[in-house]
Amino acid sequence: MMFMMGQLNRQWRRVVDRRLRPLGLTEATWLPLMHLERAAAPMRQKDLAASLGLDSSSVVRLLDGLEEGGLITRGGHADRRAKTIDVTPRGQETIQHVKQLLEQDRSVLFSGVGDDEVLAAFAVMHRMGGQLQRLELGAGNEDAAGAGEVA
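Residue 202 in the numbering used here sits at position 135 of the sequence shown; the count goes up by one each step and never skips.
Spelled out as C-alpha cells, the structure:
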C-alpha cells in the first residue's frame, strides 16, 4: 500500500509539473507559492523552509527566482532568511491560475470515485499519518514482530 501511495504521489507530481511548465513553474517553484497562499499569516523564510522540508539556504535560492519573476517580495530584515515573504499581485494571479489547472486535473482524477470513498481514504490516511508521527518519534514497537508484513 505504501509503495502504491508513493507511486501515485510521484505520478501526480509529474502530471502537475507537465501542466504547469507552460507557466514557467516547476514543483520547486509552484509548491512554495501554494504554501505561501495557504498560510494564515505572512511566512518567514525559515518557516517556509520547515513546511517544505528544505534547508534555509535552498529556500533562499528558490525565493530569489520567484522574486526575480515578480511573484513574491521579501522585506523587513537584513538577514534574507529572516525576512517575511509577500506574494505579489502577479504571484496571486499565478496562484489562481495554478489552482484552476489543478482543479481540472483533480476532477479527472476523482471522476468515478464517490464522495464516501474519498472521505474514507482521507480518514485512513489521517490515521496512518498519526501512526507515522508516533513511529518517527520512536514510540513504535521496537521489536521485529511485524517485520514480515507487507508494506
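We treat Cβ as the ideally placed atom computed from N, Cα and C, and that holds for glycine. Keep in mind it's a predicted model, so treat the numbers as computed, not measured.
Among the residues of its own chain, which have a CB less than 6 angstroms from the CB of residue i, if the five just before and after it don't count?
| i | result |
| --- | --- |
| VAL126 | GLN112, LEU115, ALA116 |
| MET71 | none |
| LEU100 | ILE162 |
Have a look at the options and flag the residue whose alpha-carbon is nearest the alpha-carbon of residue i.
| i | options | result |
| --- | --- | --- |
| LEU129 | LEU98, GLU184, GLY205, GLY73 | LEU98 |
| LEU92 | SER178, GLN198, GLY137 | GLY137 |
| SER174 | GLY73, GLN74, TRP79 | TRP79 |
| LYS166 | GLY73, ARG77, LEU90, LEU75 | LEU90 |
| ALA151 | ASP183, LEU168, ALA106 | Here the sequence assigns Thr to residue 151, which means Ala is not the residue at that position. Checked all of ASP183, LEU168, ALA106; the closest Cα to THR151 is ALA106. |
| LEU168 | ARG77, GLY73, ARG86, ASN76 | ARG86 |
| HIS164 | ASN76, ARG88, LEU121 | ARG88 |
| GLY73 | GLY205, GLU203, LEU204, MET192 | MET192 |
Below 8 angstroms CB to CB, which residues in the same chain sit around residue i once its five sequence neighbours on both sides are set aside?
| i | result |
| --- | --- |
| VAL82 | ASP172 |
| GLY132 | THR96 |
| ASP153 | PRO109, ILE139, THR140, ARG141, GLY142 |
Specify the secondary structure class of residue i as computed by DSSP and reduced to three states.
| i | result |
| --- | --- |
| THR93 | coil |
| MET68 | coil |
| ASP122 | coil |
| GLU132 | Per the sequence shown, the amino acid found at residue 132 is Gly instead of Glu. Looking at GLY132 - three-state DSSP - the assignment turns out to be helix. |
| GLY142 | strand |
Whole angstroms are fine: how far does the CA of residue j sit from the CA of residue i?
| i | j | result |
| --- | --- | --- |
| THR96 | MET68 | 29 angstroms |
| GLU104 | ARG157 | 13 angstroms |
| PHE177 | LEU199 | 26 angstroms |
| GLU134 | THR155 | 9 angstroms |
| SER124 | GLY181 | 43 angstroms |
| ALA190 | GLU94 | 26 angstroms |
Within a Cβ cutoff of 7 angstroms, which residues of the same chain sit near residue i, ignoring the five residues on either side of it in sequence?
| i | result |
| --- | --- |
| SER118 | HIS102 |
Item to complete: Write down every uninterrupted run of the alpha helix (DSSP H) in the region 158-208 whose length is 4 residues or greater and which is fully enclosed by it, in chain order.
Response: 182-203
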